[in-house]
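Structure first, commentary second.
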Amino acid sequence: MVLVLEKLYSGKAKDVITLDDEKVKIVFRNSISAFDGVKVDELKGKGEANCKISKLLFEILNHYGIETHYLKQESKNELICKKVEIIPVESVCRNITAGSFCRRYGVEKGVPFKKPIVELFYKNDELHDPLVTEEVAIRLGWINEKENIIIKAVTLAVNYILVEVFKKIGLILVDFKLEFGRTTDGKLILADEISADTMRLWEENSGEIKDKDRYRKDLGSVVDHYNDIAFRLEQIKELPKIELKTKVRVTIDLKSSVLDPAGDITFRSLLRLGYKQVSKVNIGKSIVISFTSVPGSKLWDVTETISNEILANPLIETYSIDFSFE
Ligand code: UDP
């Protein structure tokens, strides 16, 4: 049987081959580049090392319930993954100042944040992947409101998990980049790679750099360090017990066509008290549910079901959902 390869997409360090309507093969190459492609090289063994790191990290994240595109490893430098439409926004999570954050804001490198920071970047080589606000990403149609909420919460959950996993093998997770994709049935899941090319990892004891900064800064032995990360991840016998908590807030409002006696009484009281600038009062409710699972498309669907069936009356009420993972 002849396998017809429908489509080949070639990126800077990977090829993506469409296998069928549902699956792609991701081939990790040895190419490495930095500074918008100004510095380019081939490093023997880099593809295999990053493929192994990605596979292990996707498996670890799947273990904790994060929805990812990973299906299986095909060969030393190939993964089989679900076919997705990659969204043009990258999510970066930072625990410690480094890289473009220091350049952009003129701050010192190596300063830990009290709480991790999530930033969005527009994937566009010609524009050098600019930082974008959530509002710009939504208003320019790259992501919708729901995807924005899922991306932020999932990024923080991935960070929470990976910080603990790397701590177990003596490494500090400084920052990392994630990409998300839409599946054919409309779910938003983690996609692309999570490897030594897409994160900063420092040795806990010495601060030694283990990631792509070795290449950017000409520190040498890049692949040896990548292999060491893969080796240490493989040695993990038992994954850390991590308490996961996603807070889901459902805000319920009466439809504008529905009478709101409580709102009207409050409105009239405010007028009586002299607040002449008030024109209307609507009283809704806000319900917070804590789940012992990670955020994602699945939890969004669960929340919609609960909201439609239990929390809100769709005849007279509308609702909106928000996630927070702290
Ligand atoms: N990163 C990435 N791809 C990009 C931009 C950044 O994988 O196109 C990763 C990078 O390796 C680092 C994190 O995202 O772990 C934050 O990168 P930063 O914004 O500091 O940019 P850099 O200093 O790498 O240019």
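For the sequence shown, this note's numbering begins at 198 and goes up steadily by one. Heads up, the beta-carbon is just placed ideally off N, CA and C, and yes, glycines get one too.
Buried versus exposed call for residue i [16 or more other C-beta atoms within 10 Å across all chains shown]
i: Val289; result: buried
i: Gly234; result: exposed
i: Ser453; result: exposed
i: Gly471; result: exposed
i: Asn247; result: buried
i: Lys407; result: buried
i: Glu435; result: exposed
i: Glu264; result: buried
i: Leu276; result: buried
i: Leu512; result: exposed
Beta-carbon spacing of residue i, residue j below 7 Å
i: Leu317; j: Leu430; result: no
i: Ala388; j: Glu405; result: no
i: Glu245; j: Asn292; result: no
i: Ile439; j: Ile358; result: yes
i: Arg413; j: Val371; result: no
i: Asp238; j: Ile229; result: yes
i: Arg545; j: Glu506; result: Outside the displayed range of the chain (198 to 523) lies residue 545, so it cannot be described from this structure.
i: Lys365; j: Pro437; result: yes
i: Lys280; j: Val221; result: yes
i: Ser504; j: Val455; result: no
i: Ile433; j: Glu514; result: no
i: Gly262; j: Ser494; result: no
i: Ile335; j: Asn345; result: yes
Cβ neighbours of residue i in the same chain (closer than 8 Å, five flanking residues each side left out)
i: Glu523; result: Lys312, Leu353, Lys442, Lys444
i: Lys209; result: Ser228, Ser230, Gly234
i: Ser483; result: Arg446, Val447, Thr448, Ile449
Same chain only: Cβ atoms within 7 Å of residue i, ignoring 5 sequence neighbours per side
i: Lys204; result: Thr215
i: Leu416; result: Ile406
i: Tyr457; result: In the sequence as displayed, the identity of residue 457 is Asp instead of Tyr. These residues qualify, in order along the chain: Leu451, Asn479, Ile480.
Residues near residue i by beta carbon distance below 6 Å, same chain, minus five either side
i: Ile347; result: Leu385
i: Ser466; result: none
i: Glu332; result: none
i: Gly242; result: Val420
i: Ile391; result: Ser251, Leu254
Below-7 Å beta-carbon distance, residue i vs any chain B residue
i: Asp421; result: The structure shown contains no chain B, having only a single protein chain.
Complete alpha helix (DSSP H) runs within the segment 330 to 394 (minimum length 4 residues, chain order): 331 to 336, 342 to 365
4 or more residues per run - each alpha helix (DSSP H) lying fully within the segment 204 to 276: Taken in chain order, the complete alpha helix (DSSP H) segments of 4 residues or longer contained in the segment 204 to 276 are 243 to 260.
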